[in-house]
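A quick write-up on the structure given underneath.
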Amino acid sequence: MEENKMGVMPVNKLLISMSLPMIISMLVQAMYNIVDSIFVAQISENALTAVSLAFPLQNLMIAFAGGTAVGVNALLSRSLGEKNQHHVNQTAVNSIFIFLITALIFMVGGLTLSNVFFNVQTNNAEIVTAGTQYSMIVVGGSIGLFCQFLFERLLQATGRTLHTMVTQGLGAIINIILDPIFIFGLFGMPKMGVAGAALATITGQIIACLLAIIFNLKFNHDIHFNFKGFKPNFQIIKQIYSVGIPSIIMQSIGSIMTFGMNTILITFSTTATAVFGVYFKLQSFVFMPVFGLNNGMIPIIAYNLGAKQKERMFDTIKLAMIYATGMMVIGVIAFESIPQVLLSFFNASEAMIKIGTPALRIIAIHFLMAGYSIVCSAVFQAVGKGTYSLLTSLIRQLFVLLPCAYLLSLLGNIDLIWLCFPIAELASATTSTILFQKIKKHINAI
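Residue 334 in the numbering used here is what sits at position 348 of the sequence shown, and the numbering runs on without skipping anything.
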């Protein structure tokens, strides 16, 4: 039997080969996020604020799509390993069914509740109107996002990661190309403003989705899509969600955090909310590569745990820590040395520069601790301790960050609010260290 590369390839080479495609994919996604907001910022600061306030809704969709996809992947991979073709096919068609139902729920919610969502956050009529337009299109047209997630994960589960990279990259590139055309009315198109940004987003998602479907039908011979006589198999659906729901909860934390921070910041000014939105876009360029590194690291650690090769496990963790720290150092240098330049990409007003410069510098303090905590979280997932990852995420984004932000806001100085990020990250890193020591004992006992 041929030896698996997870157990024999030099660890550094293995980690790079496993992580690099995911890092590139994540960087493309981060670039799209940043470019999208840069174009919106050219309309007005209120337009940027509207899109920033809409972010929790978009993140919630991604949480449900991504979390459910984790459950689909787990069940599909297990069925493939068991060589149970019937169960593989049933898992695939039932996953399509639940993704379509979930998309339908979000689409109805987006079309009927978007206005309520924005009125809860602000009484600025321009922001409410722009935000409602944007969300009704992005959430109301979310069928592309949900189907793209599903069919890309079906490709991933069967080892066709290159096809996934192509669909993700194409969707992002189409979005970037269409943004200025739809927003500013180039090449004879009507000038659509914020609505144009939303339309560019769902167009990119739908095209990526269609390409992912084509790739599955043409190249994914491990799955046979047969809907003849289809009836929902609630046992399979239950198995998908038994794994998917914890992941949905974990990914939804970000939506709650951003909604909470927006609610606190908007009591100071809409500019403060715009600054937070810009920060979130910029930090994705720092954090996304680390998440890509994690995606490559998890299967290596999991495999070598099963193979009882603890030296390879510790070598992988050590290298991941070094690479994650290096990525975060670059982020810290950029945020500390050129915050005004970073903000200027988003057509920042003088007020935005005044609030944003100290904001970026203060928040960046937590990057190094965050890199460490994120790698620890991946280790917890790899060894089957997902509850540890959930706990550290809850501490970082909810239990400490939001109460701390609220208490600091009572002092009336907006610059102090940003301190909630390093404070929350310190609490999360401390917890991660304690839990990591427990994991180390478990590994050493192998």
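C-beta: ideal position from N, C-alpha, C; glycine also.
Exclusion of the five residues before and after LYS177 leaves ILE169, PHE170 and GLY171 as the residues of its chain whose Cβ lies within less than 8 Å of its Cβ. Per the coordinates, the alpha-carbon of ILE222 lies some 23 Å from the alpha-carbon of ARG146. Pairing ASN280 with VAL229 gives a Cβ-Cβ distance that is not under 8 Å. Here HIS72 is exposed. Its C-beta has fewer than 16 other C-beta atoms within 10 Å.
For the options PHE321, LEU86 and VAL14, the alpha carbon positioned closest to that of GLY157 is the one of VAL14.
Scanning ALA60, PHE277, ALA111 and PHE41 for the CA closest to the CA of GLY370 turns up ALA60.
THR187 is positioned such that its CB atom lies closer than 8 Å to that of VAL124. Scanning the segment 348 to 432 from its first residue to its last, the whole alpha helix (DSSP H) runs of 4-plus residues come out as 353 to 368, 372 to 380, 387 to 395, 400 to 403 and 406 to 430.
In the three-state scheme derived from DSSP, where H, G and I count as helix and E and B as strand, LEU279 is classed as helix.
The three-state secondary structure of LEU172, taken from DSSP, is coil.
SER100 carries a helical assignment under DSSP once its states are collapsed to helix, strand and coil. Per DSSP, MET178 lies in no alpha helix (DSSP H) and is assigned neither H nor E. For MET338, the secondary structure class from DSSP, reduced to helix, strand or coil, is helix.
Taking each of LEU387, GLY317, LEU97 and GLN383 in turn and checking the Cα distance to ILE239, the smallest one comes out for GLN383. Ranked by Cα distance from VAL114, the first of VAL37, LEU376, ILE403 and ALA143 is VAL37. In the DSSP annotation of this structure, PHE331 is not part of any alpha helix (DSSP H), being labelled neither H nor E. Rounded to whole angstroms, the separation of the alpha carbons of GLY317 and TYR309 is 13 Å. Sixteen is the threshold: since fewer than 16 other Cβ atoms of the shown chains lie within 10 Å of the Cβ of ILE324, the residue is exposed. In summary, LEU197 is buried, with 16 or more beta-carbon neighbours lying within 10 Å of its beta-carbon over all protein chains present. With distances taken between CA atoms, PHE254 lies nearest to ALA337 out of ALA337, GLY278 and ILE29.
The C-beta of PRO389 has fewer than 16 other C-beta atoms within 10 Å across all chains shown, which makes the residue exposed.
Counting C-beta pairs with one atom in each stretch, the segment 264 to 281 and the segment 129 to 136 have fewer than three that are closer than 8 Å, which means they do not touch. When only Cα atoms are considered, MET299 and SER5 end up about 15 Å apart. Look at the beta carbons and you see the segment 331 to 351 touching the segment 394 to 412: at least three pairs across the two are nearer than 8 Å. Taking all protein chains in view, the Cβ of LEU268 is crowded by 16 or more other Cβ atoms within 10 Å, so the residue is classified as buried. Given a length threshold of 4 residues, each whole run of the alpha helix (DSSP H) inside the segment 79 to 167 is given here in chain order: 111 to 126 and 129 to 143. Taking a contact as a CB-CB distance under 8 Å, the pair LEU164 and GLY190 counts as one, their CB atoms being some 7 Å apart. A distance below 7 Å between beta-carbons, with the five flanking residues on each side excluded, links ILE24 to the following residues of its chain, in chain order: PHE331 and PHE332. For GLU297, the uninterrupted alpha helix (DSSP H) segment begins and ends at 296 to 323. Measuring C-alpha to C-alpha distances from LYS424 to each of PRO166, VAL365, ALA16 and PRO408 identifies VAL365 as the nearest.
Excluding residues up to 5 positions away in sequence, ARG146 and HIS149 lie with their Cβ nearer than 7 Å to the Cβ of PHE205 in the same chain. Per DSSP, GLN15 is one residue of the alpha helix (DSSP H) stretching across -3 to 27. With respect to PRO408, ILE319 sits apart: the two C-beta atoms are not nearer than 8 Å. With respect to MET283, THR311 sits apart: the two C-beta atoms are not nearer than 8 Å. The three-state reading of DSSP puts ALA293 in coil, since its state is none of H, G, I, E or B.
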